[in-house]
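S.K.: Residue 111 is where the first sequence starts when you use the working numbering, and the numbers rise one by one after that.
We put the CB at the ideal spot given by N, CA and C, even for glycine.
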Amino acid sequence: MGPRVRFAPSPTGYLHVGGARTALFTWLYARRHGGTFVLRIEDTDVERSSTDMVAGILDGLRWLGLDWDEGPEAGGPHGPYFQSERLVRYRAAAARLVAGGHAYYCYCSTERLRDEREKAEQCGEAWQYDRACLALPPERIAKLEAVAAPRAIRFKVPATRTAFDDAIHGRIEFDPRGIEDFVVLRSDKYPTYHLSVVVDDVDMAISHVIRGDDHLSNTPKHILLFEALGATSPVFAHVPLILGADKKRLSKRHGATSVTEYRRQGYLPGAMVNFLALLGWSPGDDRELMSVTELIESFSLEGIGGGNAVFNTEKLDWMNGQYIARLPVEELTAAVAPLLIDAGLWPNVGVDLQVRPADAWLHRLVDLLRPRAKRLTEFVDLARPFLTDTVEYEPEAVDQHLSVPGLGGHVAALAATLRTLDPFDEPRVEAAVRGTAAERGIKAGVLIHATRVAVTGRLASPGLFEVLVLLGRERTVERLERVVNLLATRT
RNA sequence: GCCGGUAUCGUCUAGGGGUCAGGACACGUGGUUCUCAGCCACGGGACCGGGGUUCGAAUCCCCGUACCGGUACCA
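Given below as structure tokens:
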């Protein structure tokens, strides 16, 4: 039996990169050890949760390739996997705690608690629940019950020290005096986070809890609950948080925080996974570009560092570029095509494509463009000159390369040569361009640059001869002649 | 405030009582070249501060500082 681990997001927002990384670590751990990855939706906060958010989170996980063995849509023997459907269990557990003397009813009003806290705060002190309801006389309780006074259930924190060995941080101890008698079941009969996680982790037989560092301080409460419920605590591993460039907790201010957003911006799931895996975790050697298989093989909780990590978009960009460079053409094209379609650039091709297989041509284009793209979305702009016949000339390009004296004649000569060139392949096109330049007594570079501007309108493009061949003879000649005319009108 | 965590190039990190403190991103220089990108080579750049322990500390211990998290009838 392998370990049972879980990822338990609350659907109050989209899948955050921090959550995604926690999910990734958890998933890697399960896959590494032949365990079970459970997905549980913590939607007890009905007000803030929504089914749209759930769908978004599932989509995000699927996009990253993090498949779950048990959970929404997958089912499993420990369901239901939505906390909102498990309320009876929490209430039963809370009742059991009361019955066992581990918890007690609390009738204190939120106003009173708030006032006490404020009062203490004014004196610069922290206030902890004073156990006012722990020793309520029976007749007082009877009276309160008679009027059905709202009551919450508080956990009676024992005076023993709690300690545990965190898989990432090592031994951690807590003084019980720092922990107040926290509420486990609210007066509205909804559980607090502490109760629901523990009950669910027990029910779902979770062996390892891998979660964000922000839960480290809650862990003693959870351990106390596991004990009170008669269960053994799972192994805990608290992974450090992801910060923004200013070392503050990553938030909208830092730009994109949801994986959906990164997907939209043109990042490949493989790159995202690879990048996230290396944020806070290291295989122990110098490897950086790692396939999912390699990640699984090398993953261990010990490899996770103790400190928070800054989300470095530049490195993500680099890594994405690496993935774009390595992805098989078919896959890359399949990923890019929808973007071209959305931009209205495809299918929308010139005459040449009537005789060429369109997909093969697109493959060549994508291949030509890929070393220049860090994100998929960049393909749209890069591909534009190839997919539309309206050449937009960049002013600087025109200034720099089309204002050469006598250029019209040179370009016209090149157009004439190319018109009859057959076959129209790279070596011949190159020879034609260089030959024309030589005949006309100008440097090849001058003609090359002018031609580039003529056919793409831009200062930069892939290698010119490859561009011309891909464009085809007719479109090349047509664009060259357009420039010849342009230059003629100008002078 | 109290409790907990963390601290190696700007960033992600490896390492760990004796190393030229290694790699990657970013940056700089050069090469390839028709431009850009890419690719290749080279370069600058770090052990938070102070005390201990030790022949020797960046590494172990303590204190401090900074940052992060928690301190709710949020999760």
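Ordered along the chain, which non-local residues of its own chain (more than five positions away) have a Cβ less than 7 Å from that of G166?
M.R.: One-based indexing of the first sequence puts residue 166 at position 56. Within the same chain, G166 has close Cβ partners Y124, L125, T370.
S.K.: Which residue's Cα is closest to the Cα of L569: A523, P537, E502, A542?
M.R.: The residue labelled residue 569 in the question sits at position 459 within the first sequence. Checking every option, the nearest Cα to that of L569 belongs to E502.
S.K.: Are V349 and L174 close, meaning C-beta to C-beta below 8 Å?
M.R.: Here residue 349 corresponds to residue number 239 of the first sequence, with the count starting at 1. Here residue 174 corresponds to residue number 64 of the first sequence, with the count starting at 1. Taking 8 Å as the Cβ cut-off, V349 and L174 do not qualify as a contacting pair.
S.K.: Which residue from L223, A347, K425, A205 puts its Cα closest to that of D275?
M.R.: Here residue 275 refers to the residue found at position 165 when the first sequence is read from its first residue. The residue with the shortest Cα to Cα distance from D275 is A347.
S.K.: Give, in chain order, every unbroken run of the alpha helix (DSSP H) that is at least 4 residues long and sits entirely within the region 437–524.
M.R.: The qualifying runs are 439–452, 462–465, 468–479, 488–497, 505–511.
S.K.: Count the other CB atoms, across all protein chains shown, that sit within 10 Å of the CB of K430; report buried if there are 16 or more and exposed otherwise.
M.R.: Taking the first sequence and counting its residues from 1, one reaches residue 430 at position 320. The sequence shown places Asn at residue 430, rather than the Lys named in the question. Per the 10 Å Cβ criterion, buried.
S.K.: Looking at Y433: is its Cβ nearer than 8 Å to the Cβ of L353?
M.R.: Reading the first sequence from its first residue, position 323 is the one you call residue 433. Reading the first sequence from its first residue, position 243 is the one you call residue 353. No, the pair does not count as a contact, with Cβ atoms beyond the cut-off.
S.K.: Please report the straight-line C-alpha distance between L575 and A366, rounded to a whole angstrom.
M.R.: Start at 1 with the first residue of the first sequence, and residue 575 comes out as number 465. Start at 1 with the first residue of the first sequence, and residue 366 comes out as number 256. In the sequence on display, residue 575 carries Phe and not Leu. Computed Cα separation, rounded: 39 Å.
S.K.: Which residues mark the beginning and the end of the beta strand (DSSP E) in which Y214 is found?
M.R.: What you label residue 214 is simply residue 104 of the first sequence in a count that begins at 1. Unbroken beta strand (DSSP E) run through Y214: 213–216.
S.K.: Quick one, are the C-beta atoms of L531 and T546 less than 8 Å apart?
M.R.: As a working note, residue 531 is residue 421 in the first sequence. As a working note, residue 546 is residue 436 in the first sequence. No; because the gap between Cβ atoms is not below 8 Å, this pair is not in contact.
S.K.: Between the Cα of A453 and the Cα atoms of L486, T566, A184, which residue gives the shortest distance?
M.R.: Against the first sequence, residue 453 aligns to sequence position 343. Out of L486, T566, A184, L486 has the C-alpha closest to the C-alpha of A453.
S.K.: Quick check on V345: does DSSP put it in helix, strand or coil?
M.R.: Here residue 345 is taken as the residue at index 235 of the first sequence, counted from 1. Reduced to three states, the DSSP call for V345 is strand.
S.K.: Using the three-state DSSP reduction, which class does E588 fall into: helix, strand or coil?
M.R.: The residue labelled residue 588 in the question sits at position 478 within the first sequence. Residue state, collapsed to three classes: helix.
S.K.: For G573, which option in L596, H520, D477 has the closest C-alpha, if you only look at C-alpha atoms?
M.R.: For this step, residue 573 is matched to residue 463 along the first sequence. Considering only alpha carbons, the answer is D477.
S.K.: Could you have a look at H188 and say whether DSSP puts it in helix, strand or coil?
M.R.: Here residue 188 corresponds to residue number 78 of the first sequence, with the count starting at 1. Coil, per DSSP.
S.K.: Measuring CB atoms only, is the region 578–595 touching the region 512–527, in the sense that at least three cross pairs come out at less than 8 Å?
M.R.: Verdict: yes, contact present.
S.K.: Taking 8 Å as the threshold (C-beta atoms), are A140 and P113 in contact?
M.R.: What you label residue 113 is simply residue 3 of the first sequence in a count that begins at 1. What you label residue 140 is simply residue 30 of the first sequence in a count that begins at 1. Against a cut-off of 8 Å, the Cβ pair of A140 and P113 comes out as a contact.
S.K.: Between R261 and C216, what straight-line distance do the alpha-carbon atoms span, to the nearest angstrom?
M.R.: Position 151 of the first sequence, counted from the start, is the residue given in the question as residue 261. Position 106 of the first sequence, counted from the start, is the residue given in the question as residue 216. Spanning the two alpha carbons is a distance of roughly 5 Å.
S.K.: Determine the direct distance from the alpha carbon of W178 to that of D324, and round the result to whole angstroms.
M.R.: Mapped onto the first sequence, residue 324 falls at position 214. Mapped onto the first sequence, residue 178 falls at position 68. Approximately 24 Å, taken between the alpha carbons.
S.K.: In the DSSP assignment, what residue or residues form a beta bridge with G322?
M.R.: Reading the first sequence from its first residue, position 212 is the one you call residue 322. Looking at the DSSP assignment, G322 forms a beta bridge with V349.
S.K.: From E412 to I278, what distance separates their C-alpha atoms?
M.R.: Stepping through the first sequence from its first residue, residue 412 is reached at position 302. Stepping through the first sequence from its first residue, residue 278 is reached at position 168. Spanning the two alpha carbons is a distance of roughly 6 Å.
S.K.: Please tell me whether R480 and A435 are closer than 8 Å, where the distance is taken between their beta carbons.
M.R.: Position 370 of the first sequence, counting from 1, holds the residue named residue 480. Position 325 of the first sequence, counting from 1, holds the residue named residue 435. Yes; because the gap between Cβ atoms is below 8 Å, this pair is in contact.
S.K.: Quick one, are the C-beta atoms of G390 and I406 less than 8 Å apart?
M.R.: Position 280 of the first sequence, counting from 1, holds the residue named residue 390. Position 296 of the first sequence, counting from 1, holds the residue named residue 406. Not a contact, by the Cβ cut-off of 8 Å.
S.K.: Any idea what DSSP makes of A419, helix, strand or coil?
M.R.: Here residue 419 refers to the residue found at position 309 when the first sequence is read from its first residue. Of the three classes helix, strand and coil, the one that applies to A419 here is strand, per DSSP.
S.K.: Relative to the C-alpha of P438, which residue among S410, I282, W237, G380 is closest?
M.R.: Here residue 438 is taken as the residue at index 328 of the first sequence, counted from 1. Of the candidates S410, I282, W237, G380, the one whose C-alpha sits nearest the C-alpha of P438 is G380.
S.K.: Does DSSP classify P113 as helix, strand or coil?
M.R.: Residue numbering aside, residue 113 sits at position 3 when the first sequence is read from its first letter. DSSP places P113 in coil when its eight states are reduced to three.
S.K.: Give the straight-line distance between the Cα atoms of S392 and G416, rounded to the nearest whole angstrom.
M.R.: The residue you call residue 392 lines up with position 282 of the first sequence. The residue you call residue 416 lines up with position 306 of the first sequence. Each residue's alpha carbon lies about 12 Å from the other.
S.K.: Can you say whether P495 is buried or exposed, counting buried as having 16 or more other CB atoms within 10 angstroms of its CB?
M.R.: As a position in the first sequence, residue 495 is number 385, starting the count at 1. P495 is buried by the Cβ-count criterion.
S.K.: Of the residues L386, V446, E398, L449, which one's Cα is nearest the Cα of N418?
M.R.: Looking up residue 418 in the first sequence gives position 308. For the residues L386, V446, E398, L449, the minimum Cα distance to N418 belongs to L386.
S.K.: At the level of alpha carbons, what is the spacing between D115 and R142?
M.R.: In the first sequence, counting from the first residue as 1, residue 115 sits at position 5. In the first sequence, counting from the first residue as 1, residue 142 sits at position 32. A small fix is needed here, since residue 115 is Val in this sequence, not Asp. In a straight line, the C-alpha of V115 is about 12 Å away from that of R142.
S.K.: Pairs of beta-carbons, one from the region 151–167 and one from the region 180–198, closer than 8 Å: are there three or more?
M.R.: Enough Cβ pairs lie closer than 8 Å, so yes.
S.K.: Is the CB-CB distance between T272 and I333 below 8 Å?
M.R.: Walking along the first sequence from the start, residue 272 turns up at place 162. Walking along the first sequence from the start, residue 333 turns up at place 223. Contact flag set, yes.
S.K.: Below 7 Å, is the gap between the Cβ of F489 and the nearest heavy atom of the ligand HEM?
M.R.: Of the ligands one can find in the structure shown there are none, so the ligand HEM has no counterpart to examine.
S.K.: Out of T403, S513, S408, F117, which one is the CA nearest neighbour of D395?
M.R.: Stepping through the first sequence from its first residue, residue 395 is reached at position 285. Comparing Cα positions, the closest option is S408.
S.K.: Need the endpoints of the alpha helix (DSSP H) that R296 sits in, please.
M.R.: Residue numbering aside, residue 296 sits at position 186 when the first sequence is read from its first letter. Note, R296: premise wrong, no alpha helix (DSSP H); not H, not E.
S.K.: Which of the three DSSP states is assigned to E371 in this structure?
M.R.: Translated into the one-based positions of the first sequence, residue 371 becomes position 261. Helix at E371.
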